[in-house]
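Residue numbers (the working numbering), protein chains in the order written: chain A, 1 to 84; chain B, 85 to 602. No residue lacks a Cβ here, since even glycine has one placed at the ideal position from N, Cα and C. As the structure is a prediction and not an experimental result, all values here were calculated from the model. One structure below.
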């Protein structure tokens with residue numbers, strides 16, 4: 001399943017409000033200031049609602065949320081755990 | 085003798101050269117290394133033309149080099165000006181022009197650097213960057229190679245300028261708050277003594293460099309010869325990582341805005357961590373909602389808590405050490421009493437001291453107070469209160485905080501609100517007038533109103549509404565784009581409504597309360 005396209009769409013629309021910021025898969029969105037602490041919370045809520053994964057607080061860490069790639073990898077991994 | 089902020093690093097380098105001064109992401113810099121590198125940076129800056137009183141910008145993500153930059157600039161006789169690395173390039177360029185920065189300490193990792201330099205700035209000297217676009221450049225490698233046992237010999241006094249912190253200004257552009265070595269050191273020495281800092285302390289370094297809480301992190305820590313642990317910017321947005329860092333680095337003192345602490349309380353899984361080394365938890369910048377504070381105190385029963393108060397213009401000027409158990413009820417906690425070497429005065433609208441127990445504006449005098457606003461005689465005229473003394477030939481000068489307070493019978497002050505339209509959002513200070521002025525600079529806007537709504541996390545969010553001039557079409561996205569290209573991210577309204585007409589009060593003013601409630 002494609003998690004990337006809806007996630008990028010969500011960040012562009014709901015976080016950046018259509019602001020023109022180039023987004024690529026590997027970019028560190030936290031250090032670049034694209035996501036702040038409330039932005040992260042909204043992304044977590046989006047992932048849970050849209051993709052049906054549960055994101056415990058202790059998983060909301062740098063390795064899972066630093067980039068779009070890290071977030072989609074995390075969702076893929078959570079989905080696999082859910083099925084097993 | 086210690087009278088300059090950089091003296092505290094030199095002193096620690098003599099008494100405990102190998103002790104960690106700064107830690108960042110598993111790297112560290114000893115006091116001896118920090119002193120030698122900042123001497124090297126100072127020599128490079130002086131060679132490239134920095135003179136006493138010159139403003140030197142710092143434009144980079146936080147790291148070990150932040151400490152080198154701060155002390156190197158001051159040792160060169162300059163004043164450091166931290167530029168928000170996440171602010172729109174146009175805003176950063178405004179600050180550079182406003183205080184005449186010609187030297188910038190930076191790093192190639194800073195993504196927006198090229199965008200900033202494209203803003204048509206005059207020729208600059210960039211320290212820590214590769215050469216580009218006709219700007220002069222020196223690399224960090226050269227700074228390390230220039231490390232030296234001594235700083236350039238420059239005559240400075242405690243009254244020389246040490247740093248300028250820019251904050252929201254009500255007329256639509258930021259204003260620069262000028263601090264001297266005296267005002268910075270006065271605060272740092274008070275803080276180190278009051279919280280009993282010693283070399284074995286490991287102190288959090290959480291606030292952005294352009295935010296006044298950072299002066300505690302860098303200077304109070306160095307006064308004590310303790311270690312400051314720089315939190316990478318990315319982790320400040322991730323409460324679980326933040327709490328883990330607190331445990332892993334065995335921090336003993338934490339200082340931040342309440343928002344960061346509330347986030348950690350809610351999402352940091354504090355109960356699973358060993359935070360036994362923590363002894364002081366200090367907060368400032370905003371009111372800490374008592375409900376959350378009570379929970380945090382219950383979660384960390386071995387820790388002492390202190391509320392620090394002070395506009396950036398005064399560093400910190402009052403403090404309140406919390407009792408082990410808070411009294412019942414939701415009464416906001418006190419901002420306490422003036423710090424040592426600080427005089428407070430509460431005056432009415434006409435500048436007359438109020439009667440005991442009456443509300444009024446808090447005025448502050450003492451070593452911690454700023455010198456003034458950079459290049460703004462109008463604000464300096466309004467911002468200070470002058471009390472004639474000694475046969476009226478002399479004056480005691482107080483800073484007008486604009487904060488309304490009341491002195492309780494026990495001598496502690498209660499914060500009541502603002503005289504003007506300044507607000508706090510997650511610890512950041514924002515003038516709603518500035519937000520409106522920026523939106524109004526869009527030609528198609530007829531009227532703009534900015535206001536705050538609760539964010540559900542114990543702080544405020546800024547929202548705005550606009551009406552459009554006849555004959556123009558406008559989307560909320562267009563207004564948002566305009567605002568976010570000019571305001572720092574925390575001041576950009578979370579939502580912008582385009583309305584046909586504004587609700588009005590009976591006197592015809594925009595009814596912001598009604599907008600807030602809708």
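Rounded separation between residue i and residue j - CA only
i: residue 52 of chain A; j: residue 324 of chain B; result: 22 Å
i: residue 547 of chain B; j: residue 595 of chain B; result: 14 Å
i: residue 90 of chain B; j: residue 15 of chain A; result: 41 Å
i: residue 365 of chain B; j: residue 417 of chain B; result: 15 Å
i: residue 550 of chain B; j: residue 584 of chain B; result: 9 Å
i: residue 119 of chain B; j: residue 496 of chain B; result: 40 Å
i: residue 481 of chain B; j: residue 555 of chain B; result: 52 Å
i: residue 503 of chain B; j: residue 489 of chain B; result: 10 Å
i: residue 286 of chain B; j: residue 266 of chain B; result: 25 Å
i: residue 8 of chain A; j: residue 45 of chain A; result: 15 Å
i: residue 388 of chain B; j: residue 406 of chain B; result: 7 Å
i: residue 131 of chain B; j: residue 234 of chain B; result: 15 Å
i: residue 103 of chain B; j: residue 112 of chain B; result: 10 Å
i: residue 341 of chain B; j: residue 477 of chain B; result: 42 Å
i: residue 251 of chain B; j: residue 168 of chain B; result: 10 Å
i: residue 428 of chain B; j: residue 474 of chain B; result: 19 Å
i: residue 36 of chain A; j: residue 572 of chain B; result: 12 Å
i: residue 68 of chain A; j: residue 87 of chain B; result: 49 Å
i: residue 393 of chain B; j: residue 93 of chain B; result: 26 Å
i: residue 492 of chain B; j: residue 430 of chain B; result: 12 Å
i: residue 207 of chain B; j: residue 463 of chain B; result: 30 Å
i: residue 397 of chain B; j: residue 499 of chain B; result: 17 Å
i: residue 175 of chain B; j: residue 205 of chain B; result: 12 Å
i: residue 42 of chain A; j: residue 321 of chain B; result: 12 Å
i: residue 383 of chain B; j: residue 63 of chain A; result: 27 Å
Near the ligand NAD: residue i beta-carbon under 7 Å from a heavy atom
i: residue 375 of chain B; result: You won't find the ligand NAD in this model; it holds no ligand whatsoever.
Strand pairing of residue i, partner residues [DSSP]
i: residue 448 of chain B; result: B:428 and B:483
i: residue 262 of chain B; result: B:248 and B:456
i: residue 145 of chain B; result: None; residue 145 of chain B has no bridge partner.
i: residue 187 of chain B; result: B:140 and B:209
i: residue 7 of chain A; result: None; residue 7 of chain A has no bridge partner.
i: residue 515 of chain B; result: B:506
i: residue 367 of chain B; result: B:340 and B:391
i: residue 545 of chain B; result: B:537
i: residue 405 of chain B; result: B:390
Secondary structure of residue i, DSSP reduced to three states
i: residue 288 of chain B; result: strand
i: residue 352 of chain B; result: coil
i: residue 399 of chain B; result: coil
i: residue 604 of chain B; result: The question about residue 604 of chain B has no answer here: the residues shown for chain B are numbered 85 through 602.
i: residue 574 of chain B; result: helix
i: residue 182 of chain B; result: helix
i: residue 508 of chain B; result: strand
i: residue 228 of chain B; result: helix
i: residue 537 of chain B; result: strand
i: residue 74 of chain A; result: helix
i: residue 472 of chain B; result: strand
i: residue 461 of chain B; result: helix
i: residue 165 of chain B; result: strand
i: residue 532 of chain B; result: strand
i: residue 220 of chain B; result: strand
i: residue 202 of chain B; result: coil
i: residue 437 of chain B; result: strand
i: residue 334 of chain B; result: coil
i: residue 564 of chain B; result: helix
i: residue 443 of chain B; result: strand
i: residue 624 of chain B; result: Residue 624 of chain B lies beyond the residue range present for chain B, which begins at 85 and ends at 602; the question has no answer from this structure.
i: residue 99 of chain B; result: helix
i: residue 278 of chain B; result: helix
i: residue 422 of chain B; result: strand
Cβ of residue i within 8 Å of any chain D Cβ
i: residue 67 of chain A; result: Here chain D cannot be found, since the structure's protein chains are A and B.
Check distances from the C-beta atoms of the segment 168-181 of chain B to those of chain A and list, in chain order, the residues that come in under 8 Å. 169 and 170
For the segment 494-527 of chain B, which residues have a CB atom closer than 9 Å to at least one CB atom of chain A, in sequence order? 510
For the segment 342-368 of chain B, enumerate the residues whose C-beta is nearer than 7 Å to any C-beta of chain A, in chain order. 347, 351 and 353
Of all the alpha helix (DSSP H) runs that stay within the bounds of the segment 107-132 of chain B, which reach a length of 4 or more residues? 115-131
Residues of the segment 137-149 of chain B whose Cβ lies closer than 9 Å to any Cβ of chain A, in chain order: 145
Ranges of the alpha helix (DSSP H) found wholly within the segment 24-52 of chain A, counting only runs of at least 4: 37-51
Using Cβ-Cβ distances below 8 Å, what residues of the segment 29-44 of chain A are close to chain B? 30, 31, 32, 33, 35, 36, 37, 38, 39 and 40
Proximal residues, the segment 302-325 of chain B versus chain A, C-beta separation under 9 Å: 316, 317, 318, 319, 320, 321, 322, 323, 324 and 325
Residues from the segment 574-586 of chain B in contact with chain A, defined by Cβ distance under 9 Å: 574, 576, 578, 579 and 580
Quick one: which unbroken beta strand (DSSP E) runs of 3-plus residues sit fully inside the segment 296-332 of chain B? Chain order, please. 311-314
Residues of the segment 559-573 of chain B whose Cβ lies closer than 7 Å to any Cβ of chain A, in chain order: 561, 564, 565, 568 and 573
Tell me which residues of the segment 58-82 of chain A have at least one Cβ-Cβ distance to chain B shorter than 8 Å, keeping chain order. 58, 59, 60, 61, 62, 65 and 66
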